Amino acid sequence: MENSYPIAILNGAIITADGEYSCQTISLAEAKQLLQSAPGIISAVGHQATAELLTDLLGIKINFSRINFHQTAGQQALVFKLNSRPPEGVILSRVELEAYGYQFQLLSRHT
1257 MENSYPIAIL NGAIITADGE YSCQTISLAE AKQLLQSAPG IISAVGHQAT AELLTDLLGI
1317 KINFSRINFH QTAGQQALVF KLNSRPPEGV ILSRVELEAY GYQFQLLSRH T
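1336 is the number that the numbering used here gives to position 80 of the sequence shown; each next residue is one higher, with no gaps.
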C-alpha cells in the first residue's frame, strides 16, 4: 500500500478512531523498510525506555512523546507489542522490556 501520511510509532495496538483496520505481525527488517519509505514519522511512544530501545532497534531516533494520536483513514502505524502483559502500574526498564520479548505489527486504518 502506497502511504502518503506519516507513519505513527505506537507502543501498543490501539484503535484511536472509528473505522476498519487490519493488523499483521511483521519482522524487524520489514519495520525498518517501512520507516525508510515513509513520508514522515510521528512518535506516540509514551515510555522513555521503549523509545530508547526502538531507536536502537530501528536505527532512527524515536522520540518519547505522550501525544494523543488519532489515526487517519489510509494511515499506517508501526506497533511495538510486548509478548506478555506486565503487572498493573509497572514501568519497565529497557532490560525488562527485552526480557518480556516483543514483536512488531503493522496497523493500517482503511476507512
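Glycine included, every Cβ here is placed at the ideal spot set by N, Cα and C. Here the structure is a predicted model, which is why all the values come from computation and not from measurement.
For residue i, I'd like the list of residues in its chain whose CB is within less than 8 Å of its CB, leaving aside the five on either flank, ordered along the chain.
i	result
G1357	L1338, N1339, S1340
K1317	T1311
State the Cα-Cα distance for the pair residue i and residue j, rounded to the nearest angstrom.
i	j	result
I1263	N1319	14 Å
P1295	A1333	13 Å
Q1304	T1367	31 Å
S1293	T1306	22 Å
L1353	E1308	11 Å
L1248	N1324	Nothing can be reported for residue 1248, as the shown portion of the chain is limited to 1257 through 1367.
Within a Cβ cutoff of 6 Å, which residues of the same chain sit near residue i, ignoring the five residues on either side of it in sequence?
i	result
I1282	F1360, L1362
A1287	L1334, F1360
Grab the span of the beta strand (DSSP E) containing residue i for me, first residue to last.
i	result
A1264	1263-1266
*Ignoring anything shorter than 3 residues or poking outside the region 1290-1362, list the beta strand (DSSP E) runs there in chain order.*
1297-1300, 1332-1338
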